[in-house]
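Data block below; observations after.
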Amino acid sequence: MNRAHDDQSAYAARRERLLATLPEGEAMLLFAAHHHLRNGDAEFRFRQLSDVLYLTGWEDPDAVVLLRPGADEPFVMWVQPKDEEREIWTGIRAGPVGAVERFGADAAFAVDELDKMLGERLVGVHTLHYAAATDAETDRRVLAAIAKVRRKARDAFDVVPDAFIHPSRVLHEMRLVKDDRELTLMREAARITCEAHVAAMKAAGDGVFEYELEALIDYTFRGQGGNGAGYTSIVGGGANACILHYITNREPLHGGDLCLIDAGCEYAWYTADVTRTFPVNGRFTEPQKELYQAVLDAQLAVIEASVPGARFWELHQLAIRKLTESMVALGLLEGEVDALIEDKSFKRYYMHGTSHWLGMEVHDVGSYVSGGESRAMEPGMVFTIEPGLYVAPDDEAAPERFRGLGIRIEDDILITEDGHEVLTAACPKTIEEVEAACQG
Numbered sequence: 002m003n004r005a006h007d008d009q010s011a012y013a014a015r016r017e018r019l020l021a022t023l024p025e026g027e028a029m030l031l032f033a034a035h036h037h038l039r040n041g042d043a044e045f046r047f048r049q050l051s052d053v054l055y056l057t058g059w060e061d062p063d064a065v066v067l068l069r070p071g072a073d074e075p076f077v078m079w080v081q082p083k084d085e086e087r088e089i090w091t092g093i094r095a096g097p098v099g100a101v102e103r104f105g106a107d108a109a110f111a112v113d114e115l116d117k118m119l120g121e122r123l124v125g126v127h128t129l130h131y132a133a134a135t136d137a138e139t140d141r142r143v144l145a146a147i148a149k150v151r152r153k154a155r156d157a158f159d160v161v162p163d164a165f166i167h168p169s170r171v172l173h174e175m176r177l178v179k180d181d182r183e184l185t186l187m188r189e190a191a192r193i194t195c196e197a198h199v200a201a202m203k204a205a206g207d208g209v210f211e212y213e214l215e216a217l218i219d220y221t222f223r224g225q226g227g228n229g230a231g232y233t234s235i236v237g238g239g240a241n242a243c244i245l246h247y248i249t250n251r252e253p254l255h256g257g258d259l260c261l262i263d264a265g266c267e268y269a270w271y272t273a274d275v276t277r278t279f280p281v282n283g284r285f286t287e288p289q290k291e292l293y294q295a296v297l298d299a300q301l302a303v304i305e306a307s308v309p310g311a312r313f314w315e316l317h318q319l320a321i322r323k324l325t326e327s328m329v330a331l332g333l334l335e336g337e338v339d340a341l342i343e344d345k346s347f348k349r350y351y352m353h354g355t356s357h358w359l360g361m362e363v364h365d366v367g368s369y370v371s372g373g374e375s376r377a378m379e380p381g382m383v384f385t386i387e388p389g390l391y392v393a394p395d396d397e398a399a400p401e402r403f404r405g406l407g408i409r410i411e412d413d414i415l416i417t418e419d420g421h422e423v424l425t426a427a428c429p430k431t432i433e434e435v436e437a438a439c440q441g
């Protein structure tokens with residue numbers, strides 16, 4: 002199941018939905034990712050663009066996908082050809098024949114043929130769903146293909162694309178609501194992620210380095226069949242937890258400090274996204290408990306409010322209110338809660354959003370606004386809930402007992418027909434559960 006192309010029926014169904022959405026005279030053109038150099042002649046590990054994976058399951062670079070409703074061949078691919086010499090070095094290619102026989106393309110050709118074939122395939126298309134202005138060389142090739150057939154038009158009424166729409170307008174709205182197969186994969190990504198976080202809690206201790214926990218997390222992700230980390234893991238001990246995107250991960254942990262880990266496994270191209278904060282020596286101090294419980298209370302309130310019809314912005318506002326109330330109660334801020342929210346004083350200690358979509362990407366696609374309003378939650382949507390409080394170590398305005406503490410608690414939430422499902426519920430997060438997990 003961890004091979005993205007194993008279940009071709011799922012991809013065929015998505016293509017049919019997409020083709021049914023596109024009006025006559027429109028088509029979608031997608032270009033796959035390229036290999037990219039890391040340094041010298043060493044390449045980064047290849048990861049296909051999510052849109053191409055979503056519609057085809059095709060994992061190899063340098064492919065092109067054309068979807069055109071009503072055409073004799075509505076699903077066409079241009080792919081790397083079979084090449085015995087190259088395959089010795091880089092692995093077996095499916096080639097054009099494999100694109101048809103294994104991936105369901107109606108027609109497939111070597112990608113070297115694209116420039117001379119694409120224009121003819123676009124005759125009759127007036128609107129092309131294509132990510133223009135993303136890559137200059139790709140733009141040049143597409144525009145050259147269109148210009149070529151426009152010059153050769155034999156009839157004044159021959160139509161070629163003269164309007165471009167980004168594929169996100171249609172495709173990313175599809176990706177926003179997950180189907181049953183996607184949810185199965187996301188639950189597995191969540192399961193592995195929770196296991197990795199628990200392993201890190203057990204392994205932490207005075208003198209253990211942040212990178213040792215990162216290595217353990219990566220080992221768990223791969224050892225359980227995942228692709229690896231869905232994003233660069235954050236392992237921040239002590240004041241490093243106050244750096245929101247801290248990824249250096251090279252400092253030693255110290256007993257008495259907290260450790261914040263934000264890490265998610267990518268499984269079959271779907272990622273989880275979980276943050277847990279725990280005491281390095283297995284026991285929270287009283288100030289740590291106070292701040293931790295404030296974050297947890299806010300998170301639980303937002304989770305409870307996550308039901309069909311709840312609006313994305315309203316959930317964020319609920320987190321802000323709960324956290325601001327706690328900031329006042331704990332002495333981090335002074336004044337009336339409404340005023341502190343109005344003038345954004347809360348941002349001193351809570352400066353990021355509460356949620357984002359989740360799926361094939363950690364910050365997954367889909368609009369946060371619909372019909373001019375904040376988006377209403379619908380069954381099948383998956384998103385994070387991740388409030389936090391961060392008190393800089395040199396913040397002399399904060400009570401001394403909280404300085405240098407950074408706490409975030411993050412779970413992955415699926416909206417269901419009658420409420421929600423916490424996909425990452427297996428990961429400990431109450432004070433008692435976290436202390437028990439740390440002590441093994």
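My numbering numbers the first residue of the sequence shown as 2 and each following residue consecutively. Where a beta carbon is used, it is the ideal one built from N, C-alpha and C, also for glycine. None of the values given here were measured: they were computed from a predicted structure.
Here residue 101 carries a helix assignment [DSSP, helix/strand/coil]. Straight-line spacing of the CA atoms in residue 110 and residue 98 works out to 8 Å. Around the beta carbon of residue 159, a 10 Å sphere encloses fewer than 16 other beta carbons of the protein chains shown; the residue is thus reported as exposed. Residue environment analysis places residue 176 among the buried positions, since at least 16 neighbouring C-beta atoms fall within 10 angstroms of its C-beta. The residue from 76, 405, 289 and 94 with its alpha-carbon nearest to that of residue 244 is 405. Between residue 219 and residue 230, the alpha-carbon positions lie close to 7 Å from each other. When secondary structure is reduced to three states using DSSP, residue 352 falls in the coil class, being assigned neither helix nor strand. By alpha-carbon distance to residue 37, the top candidate from 27, 21, 63 and 24 is 63.
Residue pairing from DSSP places residue 276 in a beta bridge opposite 263 and 411. As for any alpha helix (DSSP H) of minimum length 4 sitting wholly inside the region 101 to 151, the runs are 115 to 123, ordered along the chain. Out of 377, 409 and 366, the CA that lies nearest to the CA of residue 355 is found in 409. In the assembly as shown, residue 93 is an exposed residue. Its beta-carbon has fewer than 16 other beta-carbons within 10 Å. Taking a 10 Å sphere around the C-beta of residue 40, we find fewer than 16 other C-beta atoms and assign the residue as exposed. DSSP, read as helix, strand or coil, puts residue 288 in helix.
Within the same chain, Cβ atoms closer than 8 Å to the Cβ of residue 312 are found at 374, 375, 376, 377 and 378, the five residues on either side in sequence being excluded.
A distance below 8 Å separates the beta carbons of residue 126 and residue 27. Of the residues assessed, residue 366 falls on the buried side of the cut-off, its CB having 16 or more other CB atoms within 10 angstroms. For residue 189, the three-state secondary structure derived from DSSP is helix.
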